[in-house]
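See below for the structure under consideration.
In our numbering, the protein residues as written are 689 to 1382.
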């Protein structure tokens, strides 16, 4: 009966004699050990029943032998692995007890073993899932918390630095929205693989939710030791992702807090890294930012500003002003740009530029964009009822353009104002802001074209990929950034940039408009370069809609525009325009060198008229193109006189007679004006010459 019971129970039972030799082995014990009873009878139990520690893989003493030695029941407390005769392994729970008659010494032992492999595997699986992300298999926030505590303790103990890196992916949401969660998940897995490949075994990478990851980098002596790996992280994440034959691009904003320099509390240092990441995102994205002690104050002020802006939206404190656009060649008003203003109850009228950095990459940009579009269309409806039809341009953020419902919202806004022709609405996207998904933007622009709405690239020339954007995006026009236009009369480099943008617009058959036109001279120069449409304070300041109607009624073109309106100007004559600014800069540097001599001018440029940039133009391009024209030849004597006075000033200054050198400054400035006047005559003569040949 006992044998039947032993054979039927689900636990392995092994009995030994006083010498530890096996005398009983039931069926379950045969299965687990790989020994039959016939084979095992009389063998030492340690030969048949081999236990090792599950984690350390070190041998465990046979509990039957220990039970007889200590004359008491024994239970194996560690996770034990039973290694069978044929190499199979089972996770087991094992206990043993001595067999004795009354209180005599043991005359043997009985060992009971139960296979718990499935249970332990399930427990380990559940425990692993509790600490890991199901998609990427990285540690999750729960396990990260434990790893972070351990890493901080190690850094404090070893007196080394620990970098806590909070990573947020830039541009992931538009990809996820456009291509679906399956593609988005594959991007996340690829990011996890790239991060894992970059860290050491002692470091940790975790996914804590959505498109956010955390890295723990240990073992540095100084904060700068982390710089190479942080730079590689930024570059590696920004490298293209090939998914289903699509080249998709994202980047990362990384915030870094360093323990113990910033803090040694786990929650605090993770919060500091999060704040630094937010700052990195606000200041351009695709970069890393170290935390500093001012972040709490800055972020507190930033959050307060966001609350105030949301309140302003709720209280309808935003208004639109309109800045006219004029074709200076024809003298016609061809449209206006709608510019957002905040009518603050205490601070007065606040320009949009003052709050753009605050609202960047927040949901407020989307709300404001659509508020502006709706308000502009309503205003255009009102103007239409008054018999006024005027194209209006509106700036929208790249983030908003990449939202999947942007075109649908725009279509609904147009449908709500049926009296407004969609062709009167132009959308401008700021080129200087990194566009996460140019392919997506291109499709949005094409969809807007289908609605009848046109597109321009704003602030063109300030972006890191302006030519690439121009080639890939089907825009209708370019706006030259006002920073180049404003300084082009004093800086030949800015003038060259303006000329280059105008040339690009002609190549790509896009209209071009210049903003930041402050003077008549700006307008005339732009017209001569081929840019006829301008806006800026030199034309009109932005104004409320009612004032715009009155301004249009009173507007009269500047009569000086017409002097150049019918003239023809070849781009081959561009060096002639640059020459006058080179001359102005030369005179300015000579005058300033009297008081600030360091680094102003090379002495040869002052003493030798052929060495200065104006002289180089005169001797080569000027003589080649205009050598027979009297207006050109008259420049030579003036140029000689300029260098004579400039050289005299430098000599006096070198002799310590600075006051006498300063007395010659008015003479030099008058000569400068004489040369500029003569250059103006030459430019008119050249323009008339070209017009006569057409």
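C-beta atoms are modelled at their ideal positions from N, C-alpha and C, and glycine is treated no differently. Model, not experiment: these values are computed from the prediction.
Classify residue 806 as helix, strand or coil using the three-state DSSP reduction.
-> helix
Give me the Cα-Cα distance between residue 1189 and residue 839, rounded to the nearest whole angstrom.
-> 53 Å
Along the chain, where does the alpha helix (DSSP H) that runs through residue 1136 open and close?
-> 1126-1139
Throw me the rounded Cβ distance for the residue 739 and residue 768 pair, which I believe falls under 8 Å.
-> Contact between residue 739 and residue 768 holds: CB atoms are separated by about 5 Å, below the 8 Å threshold.
Pick from 893, 938, 1100 and 765: whose alpha carbon is nearest that of residue 1066?
-> The option with the nearest alpha carbon to residue 1066 is 1100.
Could you give the uninterrupted runs of the alpha helix (DSSP H) lying entirely in the segment 1192-1278, keeping only those of 4 residues or more?
-> For secondary structure counted as the alpha helix (DSSP H) over 4 or more consecutive residues, the segment 1192-1278 holds these complete runs in sequence order: 1208-1217, 1233-1242 and 1247-1253.
Alpha carbon to alpha carbon, how far is residue 1213 from residue 1340?
-> 37 Å
Report yes if the C-beta distance between residue 1393 and residue 796 is below 8 Å; otherwise report no.
-> Since the displayed the chain opens at 689 and closes at 1382, residue 1393 lies outside it and no answer follows.
Residue 1153 to residue 1126, Cα distance in whole Å?
-> Summary for residue 1153: the model assigns pLDDT 45, below 50, so the residue's position carries little reliability, and this model does not support an answer.
Determine the burial state of residue 1358: buried for a count of at least 16 other Cβ atoms within 10 Å of its Cβ, exposed for fewer.
-> The residue in question, residue 1358, is exposed, as its Cβ has fewer than 16 Cβ neighbours within 10 Å.
Could you tell me the distance, in whole angstroms, from the CA atom of residue 1205 to the CA atom of residue 1225?
-> 6 Å
When DSSP labels each residue in this structure, what does residue 1009 get in the three-state scheme?
-> strand
Is it right to say residue 923 is buried, meaning 16 or more other beta carbons lie within 10 angstroms of its own, or is it exposed?
-> exposed
For the alpha helix (DSSP H) that contains residue 842, what are its first and last residues?
-> Where residue 842 is concerned, the enclosing alpha helix (DSSP H) stretches over 829-846.
For the 8 Å Cβ check, are there 3 or more pairs between the segment 950-964 and the segment 839-849?
-> yes
Cβ separation of residue 1008 and residue 1084, assumed to be a contact under 8 Å, to the nearest whole Å = Wrong, their Cβ atoms sit about 14 Å apart, outside the cutoff.
Would you decide whether residue 916 is buried or exposed? Buried here means 16 or more other CB atoms lie within 10 Å of its CB.
-> Classification for residue 916: exposed.
Residue 813 burial status per 10 Å Cβ neighbour count (16 or more: buried) = exposed
Which residues in the same chain as residue 1052 place their Cβ atom closer than 8 Å to its Cβ, once the five residues preceding and following it in sequence are excluded?
-> Taken in chain order, the residues that qualify are 994, 997, 998 and 1001.
Opening and closing residue of the beta strand (DSSP E) in which residue 1030 lies | 1020-1032
Would residue 1033 be called buried (16 or more neighbouring beta carbons within 10 Å of its own) or exposed?
-> exposed
Separation of residue 1246 from residue 1219, as counted between CA atoms = 16 Å
For residue 1372, the three-state DSSP class (helix, strand or coil) | helix
Inter-residue spacing [alpha-carbon to alpha-carbon] between residue 1336 and residue 1181 = Straight through space, the alpha carbons of residue 1181 and residue 1336 are spaced by roughly 29 Å.
Closest Cα partner of residue 1350 within the set 1282, 1132, 1296 and 898 = 1282
Is residue 1283 helix, strand or coil by DSSP?
-> coil
The segment 874-888 / the segment 811-828 touching (three or more Cβ pairs under 8 Å) | The segment 874-888 is in contact with the segment 811-828.
Buried/exposed call for residue 847, threshold 16 Cβ in 10 Å | Exposed, because fewer than 16 other Cβ atoms sit within 10 Å of the Cβ of residue 847.
Residue from 865, 871 and 853 whose Cα sits closest to the Cα of residue 883 | 853
Would you call the CB atoms of residue 736 and residue 712 closer than 8 Å?
-> Their beta carbons are not under 8 Å apart, which means residue 736 does not touch residue 712 by this criterion.
Give the DSSP-derived three-state secondary structure of residue 1092 in the structure shown.
-> coil
For residue 1170, which residues of its own chain have a beta-carbon under 6 Å away from its beta-carbon, when the five flanking residues on both sides are left out?
-> 1203 and 1204
Tell me whether the beta-carbon of residue 1148 lies closer than 8 Å to the beta-carbon of residue 1166.
-> yes
Completely contained alpha helix (DSSP H) runs for the segment 1320-1379, where each covers 4 or more residues = 1323-1342 and 1346-1351
Can you check whether the CB of residue 940 is closer than 8 Å to the CB of residue 865?
-> Going by C-beta atoms, residue 865 is not nearer than 8 Å to residue 940.
Rounded to whole angstroms, what's the CA-CA distance from residue 967 to residue 944? Just pull it up for me.
-> 11 Å
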